[in-house]
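Remarks on the structure that follows.
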Amino acid sequence: MRLPRFVILALGLLLAVVMGMVTLRSPLSPLMPTPRTTHAAFTAEQPAAGQSSHGTASEDVTPARQIVDPGTTRESVAGALRAGGLTGDVNFDCLIDLTDVMLVAGAWRARPGDLAYNSAYDLNGDLVIDIRDIALDAKRMGGMCSPVGVQMFEEWGDPLIVDRAVSAGVRWVRLYVHWGWVEPQNTTPENFDWTGVDRMVLAIQAAGLVPIFTVQGPPPWAAAVACGPVDVEDLGEFAEFMKSLVERYDGDGVGDMPGLTTAVKYYELYNEPDYDQVDGAPGGCWGGTDVNGNGLNDQVEYANLLKAAYPAVKAADPGSRLVFGSVAHEIFVGGHFNIDFVDLVLNALAQDPAAAANNYYFDILGFHQFDAFRDTWDGTLPYDQGILGKITHLRELLNSHGLSKPLLSTEIGLQVTGPPDLLPEVKEEAQARHLVHAYVRGLVGGLEVIIWYTVIDRPNELQYGLFDNLGNPRPAYTALQVLSQQLVAPTGEPATYEGQLSPTQTGSKFVQGYRFRMPDGTRKLVLWTDTGTKIKAQADTPATMCIDRNDLGVTAGEWTGRLRVTDQYGNETIVGRAGDPCVIYTIQQAAIYVEVAP
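Just so we're aligned: the sequence shown equals residues 617 to 1214 in this note's numbering.
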């Protein structure tokens, strides 16, 4: 007798509860409370491969851990990534949810050779899909993969660059999707051309990567200004496009792209829509008053865009997530961003009586953060530095509207073009250091996705790439590989943030100390110094710290008096002596990863 799938699922969930597998998760409190909590151009052409769409102690030194050869083939890397990726994420969308458990349950009693058998569903590896696999997947519900991602333009069509991204532990790839590519003409019924978008998705999913879509670029018939508001009479057309877009890439088996194996779950509405003028617009220009001259306020029109898109997205796939922005949210001399944009859009949304019932028409707030503008957001040392300061500010802004929303950042980075008085190798070292600082702080801040801008230098732009324009890797690339090795488990699950060390613990307000717990229970510290200003402008200010078991959060029985210290490039050093109560080490601007050594 074959049991109905819902019965199998219920039994699996019940077994998981009985075995103590499913528990309520609560955020861990910090160790010490804190004092307070360019881009895509418009084109009507479809994207094609190759075409742009926009210490002090006695030391035992051991060699750096082996880093995957960038020349490894895409097929072998993708296979290894999926086999050792986020265990339980059987639809490869970087989230373990009820959909995954249902898929496993649907293969009840399948064995190798059966049409329904899939090795990804066989979580305990006993060659049969049964209630134990369902229970194991239920245990992991809510788990997400590493938030590490990169921006790609035409590089999605370059196998070498894609392979190298995989080798660095990248999981997310931000891609632009222009409405005008898909629906250049307004016809009834709609005649969508998915050729270019399909090509991007097929290439990215073949490498085991997960796309996040930035939707913009309306066709000329739908907007008077390419970077500005969609014409009021065409908001319904935009909603139809969004519904069709989500339906094609949601992975539910209904109307999906042929060959789709990796669902797209994040849909971002415009790159930096808070820009306030047409000239130089980085994607959106909704930050002014009335850029298209239709008599309507541009922030009200962006609110209307969210109101049109959100129900359409949810109608196609309730699990897909609509991102507000991502906004630049910056104010600086000569800048053209409306710092009040988010506040004004939220005010406009609040005027809708149905807003609360519709989650205020967005799921996540997206933003960008670059080191050049950190001074605006930094808190009081050692807390809320760099991207953490902006995260705190945006959460406070949302709270002022009675909202609590997740955050993601689809652009972080540090360019190596200037200033001219610094040697190239100094600027590249600063970029590598900043990359680790930014990603670690993003993990601390609970960002769901963190995108480095960009994977490779762009023509006629400042040089932000992990690779130069000839494809040569910069030190930041190696730093990203090591970060992924240190803070992401072989199962694909990232480390859990436990808290920030206080100056009393580190001995200096200039020491940034963050403690993480790996899925296997191992505790790690990530340590570096920061004097509270832009990284290119600050001198390396070493600080001596005596690292003890309380800093690492380990028991007396787990403490050995010896530490394994790994630098940002993967070089390991064993320091300390057995029985020492603490290990004295000099902390510098370049981050180190610290754990107890045998």
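Positions of the beta carbon are idealized from the N, C-alpha and C atoms, including for glycine.
On the DSSP bridge assignment, give the partners of lysine 1140 in chain order. Phe1132.
Which of helix, strand or coil does DSSP assign to proline 827? Of the three classes helix, strand and coil, the one that applies to proline 827 here is strand, per DSSP.
Is the stretch 1112-1129 touching the stretch 1180-1194 in the sense that three or more CB pairs, one from each, lie closer than 8 Å? No: fewer than three Cβ pairs fall under 8 Å.
Per DSSP, what kind of secondary structure is tyrosine 886 in: helix, strand or coil? In the displayed model, tyrosine 886 falls within coil according to three-state DSSP, outside both helix and strand.
Alpha-carbon to alpha-carbon, phenylalanine 989 and threonine 653: Per-residue confidence for threonine 653 stands at a pLDDT of 32, beneath the threshold of 50, marking its modelled position as unreliable; no derived number is given.
In the DSSP assignment, find the unbroken alpha helix (DSSP H) run with glycine 722 in it and report its ends. Start and end: 714-722.
Given this structure, state the Cα-to-Cα distance separating tyrosine 977 from alanine 971, to the nearest angstrom. One C-alpha to the other measures close to 7 Å.
Run the CB neighbour count on leucine 1143, radius 10 Å, all protein chains shown included, and call it buried at 16 or more, exposed below. The residue in question, leucine 1143, is buried, as its Cβ has 16 or more Cβ neighbours within 10 Å.
Which term fits proline 679, buried or exposed, when burial requires 16 or more other beta carbons within 10 angstroms of its beta carbon? Legend: pLDDT at proline 679 = 31, less than 50; position of this residue unreliable, value from coordinates given subsequently. Exposed is the label assigned to proline 679, since fewer than 16 other Cβ atoms lie within 10 Å of its Cβ.
Give me the Cα-Cα distance between aspartate 749 and tryptophan 902, rounded to the nearest whole angstrom. Taking the straight line joining both Cα atoms gives about 49 Å.
Using DSSP with H/G/I as helix, E/B as strand and the rest coil, what is methionine 757? In the structure shown, methionine 757 sits in coil (DSSP, three-state: anything other than H, G, I, E or B).
Just verifying my parser: in three-state terms, what is the DSSP assignment at tryptophan 788? Looking at tryptophan 788 - three-state DSSP - the assignment turns out to be strand.
Can you give the Cα-Cα distance for glutamine 1204 and threonine 1147, rounded to whole angstroms? Distance between the alpha carbons of glutamine 1204 and threonine 1147: 11 Å.
Considering just the uninterrupted stretch of the alpha helix (DSSP H) at arginine 1074, what are its terminal residues? Segment: none, arginine 1074 is in no alpha helix (DSSP H) and carries neither H nor E.
Specify, as a first and last residue, the run of the alpha helix (DSSP H) that alanine 966 falls within. Per DSSP, alanine 966 belongs to the alpha helix (DSSP H) from 957-966.
First through last residue of the beta strand (DSSP E) which encompasses serine 1025: Segment 1023-1029, the beta strand (DSSP E) holding serine 1025.
How big is the Cα-Cα spacing for leucine 922 and glutamine 893? Cα to Cα, leucine 922 sits roughly 21 Å from glutamine 893.
Would you mind reading off the limits of the alpha helix (DSSP H) that contains glutamine 1047? That run of the alpha helix (DSSP H) goes 1040-1060.
Which two residues bound the contiguous alpha helix (DSSP H) that contains glutamine 915? 914-932 is the extent of the alpha helix (DSSP H) around glutamine 915.
For alanine 1206, which three-state DSSP category applies? In the structure shown, alanine 1206 adopts coil according to DSSP, grouped into three states.
Please state whether the Cβ-Cβ distance between valine 1170 and arginine 1090 is less than 9 Å. Remark: C-beta atoms of valine 1170 and arginine 1090 do not approach each other more closely than 9 Å.
Nonlocal neighbours in the same chain, by C-beta distance under 7 Å from phenylalanine 808, ignoring five residues either side: Here the set comprises Val798, Glu799, Ser860.
Do you know whose CA, among Val846, Thr1149, Gly1115, lies nearest phenylalanine 986's CA? Shortest Cα-Cα distance from phenylalanine 986 to any of Val846, Thr1149, Gly1115 involves Thr1149.
Taking only the alpha-carbon atoms, compute the straight-line gap between proline 1197 and isoleucine 1163 and give it to the nearest angstrom. Rounded to whole angstroms, proline 1197 to isoleucine 1163 spans 9 Å at the Cα level.
Please state if the CB of isoleucine 820 and the CB of valine 1065 are separated by a distance shorter than 9 Å. No. Outside cutoff.
Are the beta-carbon atoms of aspartate 933 and aspartate 994 separated by less than 9 Å? With contacts defined by Cβ atoms closer than 9 Å, aspartate 933 and aspartate 994 do not form a contacting pair.
Could you give the first and the last residue of the continuous alpha helix (DSSP H) run that contains valine 813? Boundaries of the alpha helix (DSSP H) harbouring valine 813: 811-822, taken from the DSSP string.
CB tryptophan 772 to CB asparagine 802, shorter than 9 Å? The beta carbons of tryptophan 772 and asparagine 802 sit no closer together than 9 Å.
Taking 9 Å as the cut-off, decide whether the C-beta atoms of methionine 873 and tryptophan 810 are in contact. It is a contact, given that the beta carbons lie within the stated cut-off.
Could you tell me which of Leu938, Gly941, Ala919, Gly951 sits nearest to alanine 964, measuring between CA atoms? Restricting attention to Leu938, Gly941, Ala919, Gly951, the CA atom closest to the CA of alanine 964 is found in Ala919.
Would DSSP call isoleucine 1003 helix, strand or coil? Under the three-state reduction of DSSP output, isoleucine 1003 falls in the helix class.
Simplified DSSP state of histidine 1017, which is helix, strand or coil: Coil.
Quick one: what's glutamate 1211 bridged to in DSSP? Under DSSP, glutamate 1211 takes part in a beta bridge, and its partners are Arg1180.
I need the DSSP call for valine 1065, collapsed to helix, strand or coil. DSSP places valine 1065 in coil when its eight states are reduced to three.
Nearest to leucine 1014 by alpha carbon, out of Asn975, Leu1141, His1050, Asn740? If we check each option's Cα against that of leucine 1014, Asn975 comes out closest.
Using the Cβ count rule (16 or more neighbours within 10 Å means buried), how would you classify glutamate 853? Result: buried.
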